[in-house]
Amino acid sequence: MTTARTAGRLIGRAEIVERACTWLRDSVPYGQAKFHANEHGIYRADCSGFVSMAWGLPGKPEDRHGGLDTPGLAGVSTPIRREELRAGDIVIRTDGTNLTRHVVIFAAWAEEQGRYWSYEQAGGYRTRLRVIEYPYDSAAELYVPRRYASVLDQHP
């Protein structure tokens, strides 16, 4: 079983956000069978590859690059409550197939009640920062917030 300590190094929230922004900068097109290479490595250009890159996880499997899949991301993170969401955490759906599983990176709460800014890599789009209704538009019961176990948290 993969654990957070074996999957990746400790990483701060500011670095997670900075890494996510590099794919915004590059305007990466989505693709489950495509890859994107930049200063952070080579990762699948899908939602879980994007989160793997932002969290600093190694390409997986090693010979193919790409990071963890969506269930793998759940394996290196822990459930949190909605109120605990902070930049760099994720909102994730792990059930179903590669067509129904999805994950986004939480950025911040939006001004509108019950909505938040997220970094997203989704089919039909390039990497984007957008406002989403919590937890993920109309699929409320299917998405849960989680925190990467190797995130460096500094509490005020």
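Last residue of the sequence shown: 156 in full-length UniProt numbering, with the numbers rising by one and none dropped. Yeah, the Cβ is synthetic: ideal placement off N, Cα and C, and Gly gets one too.
Same chain, Cβ closer than 7 Å to residue i, five either side skipped, listed in chain order
i, result
"residue 108", "87, 116 and 117"
"residue 123", "30"
"residue 11", "55, 56, 150, 151 and 152"
"residue 147", "77, 78, 80 and 89"
"residue 74", "92, 94 and 146"
Identity of the residue in the options nearest residue i by Cα
i, options, result
"residue 96", "142, 122 and 81", "142"
"residue 41", "99, 34, 53 and 139", "53"
"residue 131", "91, 99 and 98", "91"
"residue 28", "50, 135 and 137", "50"
"residue 120", "111, 136 and 110", "136"
"residue 158", "99, 138, 17 and 18", "The structure shown does not extend to residue 158, since the chain spans only 1 to 156, so no value can be given for it."
"residue 82", "36, 18, 144 and 139", "144"
Close Cβ partners of residue i (< 8 Å) along its chain, the five nearest in sequence each way excluded
i, result
"residue 38", "22, 23 and 26"
"residue 9", "56 and 150"
"residue 139", "93"
"residue 110", "116, 117 and 131"
Cβ distance (whole Å) where residue i is taken to contact residue j below 8 Å
i, j, result
"residue 114", "residue 84", "About 16 Å separates the two Cβ atoms, so there is no contact after all."
"residue 20", "residue 105", "6 Å"
Neighbourhood of residue i by C-beta, 6 Å cutoff - its chain only, sequence neighbours within 5 removed
i, result
"residue 70", "48, 94, 101 and 103"
"residue 34", "45"
"residue 18", "none"
"residue 58", "none"
is_contact[residue i, chain B] using C-beta, thresh 8 Å
i, result
"residue 114", "The structure shown has no chain B; it contains just one protein chain."
Three-pair Cβ contact test at 8 Å for the segment 121-133 versus the segment 65-76
Verdict: no, contact absent.
Which whole runs of the alpha helix (DSSP H) in the segment 65-129 are 4 residues long or more, in chain order?
Those alpha helix (DSSP H) runs which fall completely within the segment 65-129 and span 4+ residues are 70-75.
Considering only residues of the segment 26-56, which uninterrupted beta strand (DSSP E) runs meet the minimum length of 3 residues and lie entirely inside it, listed in chain order?
Runs of the beta strand (DSSP E) inside the segment 26-56: 31-38 and 41-45.
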